[in-house]
Each structure stands twice: as C-alpha cells, then as structure tokens.
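To start, the structure under review is shown below, and the notes come after it.
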Amino acid sequence: MSKKILMALMFSLIVVLAACGGSEEEDTGSDEGSEEMEDGSGEEASGNTLDISATNFEFDQEEYTVQSGEEVTVNLSNEEGAHGIAIEDLDVSMDSEGSTTFTPEEPGEYTIECSVPCGEGHEDMQSTLVVE
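In mature numbering (1 follows the signal peptide of the UniProt record, and there is no 0), the protein residues as written are -18 to -1, 1 to 114.
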C-alpha cells in the first residue's frame, strides 16, 4: 500500500513541477516597434516610457535616451535576482520592480544604478540615462 501512495505522490510532484515551469517567449524574428541599436546601447524611450529589464549585475541597455521637460514613466522588471534603480541627480528611486514617473528638466547624462545589493557584481551594475 505504501508503494502505491509513494508512486501517487511522485506523480503529483512531477505534475506540479511541470505546471510551475516558466514558458519562454517565442522569438518571431521581428524587430517591429523596437528602437534598440545593434550594440545594445542608445535605446530611446518610446512614448515617454522607459522599460528597464534587470538581470544579475546588468541592465538590458548600456544607455537610455529621453527628452527633457517631458514626463517619463519607468517600468522596471527583474528577469534575474532582486534589483531596483536609483538616479540620484534626478531624485528617482525604486527598490523593487514596478513603475514610477518623473520629469527630467535639465539635459545631460545621469547614472542609473542598482539600488538593491544584489551580490558580488552590484557595484558595477550601472547604465546611463541621456536627457536631450
């Protein structure tokens, strides 16, 4: 009897683990709507929305560009690990994924840093925000 229960539990565990497995996004090969440059830098925020994706010790872009005087919505998503962002000179801070808005008034280059200690490469987790 205990052998049958053990087999049933193992089967249930396999089903649960299979259901919890993430699905990978399908790559359609289309770059439609993407303004990302080939070298991964200089993505311009479209529609005043800045989508930042964080993995362990790096952001998805080396550089982001927005317009001065216009409200910007930042959407932060963590693909790996726990991360936040801080842009000290613009008084922007997020300690987890989500959204926030701000209006950069002065053109210039600003450093985007990870605001959550995320491990050995945390100090190097930076990107640049260019305000034109």
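Don't be surprised by glycine CBs; every beta carbon is placed ideally from N, CA and C.
Problem set entry | Ser97 versus Asp33: straight-line alpha-carbon distance, rounded | Here residue 97 refers to the residue found at position 115 when the sequence shown is read from its first residue. Here residue 33 refers to the residue found at position 51 when the sequence shown is read from its first residue. Cα-Cα distance, rounded: 17 Å.
For this session: Name the residue from Ile(-5), Thr55 and Asp77 whose alpha carbon lies nearest to the alpha carbon of Pro86.
Result: Looking up residue 86 in the sequence shown gives position 104. Among Ile(-5), Thr55 and Asp77, the Cα nearest to that of Pro86 belongs to Thr55.
Problem set entry | Collapsed DSSP secondary structure at Met(-12) in the structure displayed | Your numbering for residue -12 matches position 7 in the sequence shown. In the structure shown, Met(-12) sits in a helix (DSSP, three-state: H, G or I).
For this session: Using beta-carbon positions only, say whether Asn38 and Gly63 come within less than 9 Å of one another.
Result: The residue you call residue 38 lines up with position 56 of the sequence shown. The residue you call residue 63 lines up with position 81 of the sequence shown. Yes, the Cβ-Cβ distance between Asn38 and Gly63 is below 9 Å.
Exercise. Got a sec, what are the start and stop residues for the beta strand (DSSP E) Val48 sits in?
Worked result: Translated into the one-based positions of the sequence shown, residue 48 becomes position 66. From DSSP, the beta strand (DSSP E) with Val48 extends over Glu45 to Val48.
Exercise. Among the residues of its own chain, which have a CB less than 7 Å from the CB of Ser75, if the five just before and after it don't count?
Worked result: Position 93 of the sequence shown holds residue 75. Around Ser75: Ala68 and Ser97.
Exercise. Skipping 5 residues on each side, what residues in its chain have a beta carbon closer than 7 Å to that of Leu(-10)?
Worked result: For the purposes of this step, residue -10 is taken as residue 9 along the sequence shown, with counting starting at 1. Once the five neighbours on either side are set aside, Leu(-10) has no close Cβ partner at all.
For this session: Would you list the one or two residues that DSSP bridges to Thr55?
Result: Reading the sequence shown from its first residue, position 73 is the one you call residue 55. DSSP output for Thr55 lists Thr31 and Thr83 as bridge partner(s).
For this session: Can you tell me which of Asp77, Leu72, Pro99 and Glu79 puts its alpha carbon nearest to the alpha carbon of Pro89?
Result: Position 107 of the sequence shown, counting from 1, holds the residue named residue 89. Nearest option by C-alpha distance: Leu72.
Problem set entry | Assigned exposure category for Met19 - 16 Cβ within 10 Å defines buried | Taking the first residue of the sequence shown as 1, we reach residue 19 at position 37. The predicted position of Met19 is uncertain, since its pLDDT is 38 and thus under 50; a value taken from the coordinates is nonetheless stated next. With fewer than 16 other Cβ atoms within 10 Å, it is exposed.
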